[in-house]
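Chemist:
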Amino acid sequence: MKRRTFLLNVAALLAIPVHSRAQMKMDAMPGMGGMHAGHGATTMPGTTPELAEGAPLQDLPRLANKAGRAGLFETSLTAEPGTARFAGDLGTPVLTYNGEGPGLLIEATEGDRVSINFRNRIPGEDSTIHWHGLPVPADQDGSPIDPVAAGADRTYSFDLPAGSAGTYWYHPHPHGLTAEQVYRGLAGAFIVRPKVDPIPAAYGDTVLFLTDLRLAVDGTMPPSTMADMMNGRIGDHVLVNGQKNPLLEVPVGTRRRFRLINATNARFLRLSFGDAPMTLIGTDGGLLEAPVTAVNEILLAPAERAELVVDFARPGSFALRTLAYDHGWMGPGKPQEAGLTLMTVKASTPALPSKPPPLPATLRAIADLGTPVATRRFVFSEAMSHDGGTMKISFLINGTSFDMTRIDVQSKVGQTELWEIANPTDMDHPFHIHGTQFLIVGRERDGQVTAPPYKAWKDTVNVARGETVRIVVRQDQPGLRMYHCHILEHEQLGMMGILDVQV
Ligand code: C2O
Ligand code: CU
Ligand code: CU
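Note that the sequence shown covers residues 1 to 503 in my numbering.
1) How close, in whole Å, do the beta carbons of Asn-262 and Leu-210 come, if the pair is a contact with beta carbons under 8 Å?
2) Nearest to Gly-71 by CA position, among Met-496, Lys-346, Asn-98, Arg-193, is which residue?
3) So, using beta-carbon positions, are Pro-353 and Tyr-203 closer together than 9 Å?
4) Thinking C-beta only, is Thr-279 closer than 9 Å to Leu-359?
5) Can you list, in chain order, the residues of its chain whose CB lies under 8 Å from that of Asp-153, leaving out five sequence neighbours each side?
6) Of all the options Leu-239, Pro-200, Val-379, which has the alpha carbon lying nearest to the alpha carbon of Ala-361?
7) To the nearest angstrom, how far is the alpha carbon of Phe-380 from that of Leu-269?
8) Which ranges does the beta strand (DSSP E) cover as unbroken runs of at least 3 residues, wholly within the region 174 to 215, from first to last along the chain?
9) Is the distance from the Cβ of Ala-456 to the Cβ of Gly-253 below 9 Å?
10) Could you tell me how far apart the beta carbons of Arg-445 and Glu-467 are, in whole angstroms, since I believe they sit closer than 8 Å?
11) Grab me the residues of Met-1's own chain with a C-beta within less than 7 Å of its C-beta, minus the 5 sequence neighbours each way, in chain order.
12) Could you tell me the alpha carbon to alpha carbon distance between Val-196 and Ala-189, rounded to whole angstroms?
13) So the candidates are Val-94, Leu-213, Asn-241; which of them puts its Cα closest to the Cα of Gly-506?
14) Spell out a yes or no on whether the region 208 to 227 and the region 124 to 140 are touching, meaning 3 or more CB-CB pairs, one atom from each, closer than 8 Å.
15) Between the region 377 to 393 and the region 180 to 187, are three or more C-beta pairs nearer than 8 Å?
16) Considering only residues of the same chain and omitting the five flanking positions on each side of Ile-366, which have a CB-CB separation below 6 Å?
17) Which residues in the same chain have their Cβ closer than 8 Å to the Cβ of Asn-9, if we skip the five residues on either side of it in sequence?
18) Let me check one thing: in DSSP terms, what residues is Glu-80 bridge-paired to?
19) Please give the ranges of any beta strand (DSSP E) in the region 232 to 302, keeping only runs that are unbroken, at least 3 residues long and fully inside the region.
20) Kindly indicate which residue of Leu-95, Asp-426, Pro-223 has the alpha-carbon position closest to the one of Val-463.
21) I need the boundaries of the beta strand (DSSP E) containing Lys-304, first residue and last residue.
22) So, helix, strand or coil for Arg-21, using DSSP?
23) Would you say Met-482 touches ligand 1, meaning its beta carbon is less than 8 Å from a heavy atom?
24) Report the residue from Ala-187, Phe-318, Asp-428, Pro-251 whose alpha carbon sits nearest the alpha carbon of Gly-79.
25) Pull up the distance between the alpha-carbon of Asp-428 and that of Glu-337, whole angstroms please.
26) From the DSSP output, read off the bridge partner residues of Val-469.
27) Note down, one range per segment and in chain order, each beta strand (DSSP E) of at least 3 residues found wholly within the region 113 to 163.
28) Could you give the residue range of the beta strand (DSSP E) that holds Glu-107?
29) Within the same chain, show all residues whose beta-carbon is closer than 6 Å to that of Arg-99, passing over the 5 residues directly before and after it, in chain order.
30) Taking all protein chains shown into account, do 16 or more other C-beta atoms lie within 10 angstroms of the C-beta of Glu-50, making it buried, or fewer, making it exposed?
31) When the distance is taken between beta carbons, is Leu-363 closer than 9 Å to Ala-306?
32) So what does Arg-481 bridge to, in DSSP terms?
33) Which residues are close to ligand 3, meaning CB closer than 6 Å to any heavy atom, in chain order?
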């Protein structure tokens, strides 16, 4: 039987929850009795509650710095259960940091020392905080090898070095629980500011933290199905700073700086801003060398970030919308991904009294990493097997599934390497490396190699189906680092390896 057919059958037969542990736990929580678990199958149209749209865009809640002296960002973050109200009065059991909605913003400056006391108050579950994209020491990285048990505390401490200014995020990374803790609400934004910012302050700075949400009729989040585990969980609603299609009103003539963070488990966001001209100024690891003007659209795979400057030069409504993007899909139940309005900007008169200043022609220099002295190849694959009557799907790198006790690759501090990531599977897989930022040097498809149009620091790169992506990477700190697909369900099902960086 051809594999494609086989997968279709499996998906049809097994449209059942992979595990309903989370739901059962919530039912047992004080004050949350009587909640019903969702039915598990992907929510059908008409069975998900409507969410109100068009409310003014809210800034992300900000995590207060309690340090009381310059150069230190010190506070605590508590992961705990809570109840959110997404749809009218319907209560949705969620996980929160400090009781806040998705996106709780940490804002610090290059050169700062960060010290965050993490308190895991998720009943019965390990957790961690992983500082996605930041160059933190391996033992502060919050990776699956360093779990924080339920009820336990730990402090994460690290420095934000010069040159690290950029748009990052943080999320849990406990073995086997990352996907679920993230879709239940645990993820926040982490902005590192430079001492002197080349982007004019007149543009403002708006963080758009993108998450998605699936709600059952009773307001609960249904557990993931087999289809979710295979394709990655895609919700029914895309939220911007926790809101559905919020409205941003600006005077005509506004140029706005936006930082977009794809904090969804698995949603590919190919975005346009209608006919409002976009300029790309930054990626995962901060600013580009020079602005890239006349950008009509951007693709943000799960975990990727982009910094944009958008011109609202004429009166009217500008929708941040999703365009069609085929990232591959296994089985039935492909969700609607194109044509969603994530946010609306309304530009009206009176216009700004004066024209905002132009972008500088040069934003910063991006150094080369030097000539690679080692080449490594990583090949994605997918496998299905029967294990005593239960179906087991695995997502593999170089034929192996993640093993916490196995070192997959050994490297050296400061050694420049060429990594080649090949994706002969039927689905796109966004590849992420912990601990550093890398440079993309080329993409190959059907023997055609394309060089990237500009230099950019990245920590996550989409490797489209049928594509091979080459990157140059260097780790400057010793220790164990994860690399994995950032479709969190794939990471959970084995598509992750461990890099040992030695002194
Ligand atoms: Cu954002 Cu290993 O993860
Ligand atoms: Cu990471
Ligand atoms: Cu994947």
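Even for Gly, the Cβ is constructed at its ideal location relative to N, Cα and C.
Modeler: The answer reads as follows:
1) About 5 Å; that satisfies the 8 Å criterion.
2) Comparing Cα positions, the closest option is Arg-193.
3) No.
4) When the beta-carbon positions are compared, Leu-359 and Thr-279 come within less than 9 Å of each other.
5) Closer than 8 Å at Cβ, skipping near neighbours: Asn-117, Phe-118, Arg-119, Asn-120.
6) For Ala-361, the nearest C-alpha among the options comes from Pro-200.
7) Distance between the alpha carbons of Phe-380 and Leu-269: 22 Å.
8) Listed in chain order, they are 188 to 193, 206 to 213.
9) Against a cut-off of 9 Å, the Cβ pair of Gly-253 and Ala-456 comes out as no contact.
10) Taking C-beta atoms under 8 Å as the contact rule, Arg-445 and Glu-467 qualify, at a distance of about 5 Å.
11) For Met-1, the predicted model reports a pLDDT of 31, less than 50, meaning its position is unreliable; a value from the coordinates is still stated below. Taken in chain order, the list of residues that qualify is empty.
12) A straight-line Cα-Cα distance of about 21 Å links Val-196 and Ala-189.
13) An answer regarding residue 506 cannot be provided, because it is not within the stretch 1 to 503 covered by the chain.
14) Contact fails between the region 208 to 227 and the region 124 to 140, because fewer than three Cβ pairs, one in each stretch, are under 8 Å apart.
15) As far as the Cβ criterion goes, the region 377 to 393 does not touch the region 180 to 187, which means the pair count is below three.
16) Excluding residues within five positions, the ones whose Cβ falls inside 6 Å are Glu-289, Lys-455.
17) Only weak support exists for where Asn-9 lies, its pLDDT of 33 falling under 50; the value from the coordinates is given anyway. If we look at Asn-9 and ignore the five residues flanking it on each side, it has no Cβ neighbours.
18) Thr-96.
19) For the region 232 to 302, whole beta strand (DSSP E) runs of length 3 or above, ordered along the chain, are 237 to 240, 247 to 251, 254 to 262, 269 to 272, 278 to 283, 286 to 295, 298 to 300.
20) Ranking Leu-95, Asp-426, Pro-223 by Cα distance to Val-463 puts Asp-426 first.
21) It should be noted that the sequence gives Glu, not Lys, for residue 304. No beta strand (DSSP E) holds Glu-304; DSSP gives it neither H nor E.
22) Caution applies to Arg-21, whose pLDDT of 28 falls short of 50 and renders its modelled position unreliable; the value that the coordinates give is listed next. Correct three-state label for Arg-21: helix.
23) Answer for Met-482: yes, Cβ within range of ligand 1.
24) Correcting the residue type first, residue 79 is Ala in the shown sequence and not Gly. Closest option to Ala-79, Cα to Cα, is Ala-187.
25) Answer to the nearest angstrom: the Cα atoms are 15 Å apart.
26) The partner list for Val-469 (beta bridge, DSSP) reads Ile-421, Arg-443.
27) Taken in chain order, the complete beta strand (DSSP E) segments of 3 residues or longer contained in the region 113 to 163 are 113 to 120, 130 to 132, 153 to 159.
28) Taken as a continuous stretch (DSSP letters only), the beta strand (DSSP E) holding Glu-107 covers 103 to 109.
29) One point to set straight first is that residue 99 is Gly, not Arg, in the sequence displayed. Answer for Gly-99: Gly-82, listed in chain order.
30) So Glu-50 counts as exposed.
31) Not a contact, by the Cβ cut-off of 9 Å.
32) DSSP, once it has assigned bridges, lists Leu-499 as partnering Arg-481.
33) Here the list is Phe-395, His-429, Cys-485, Ile-487, His-490, Met-495.
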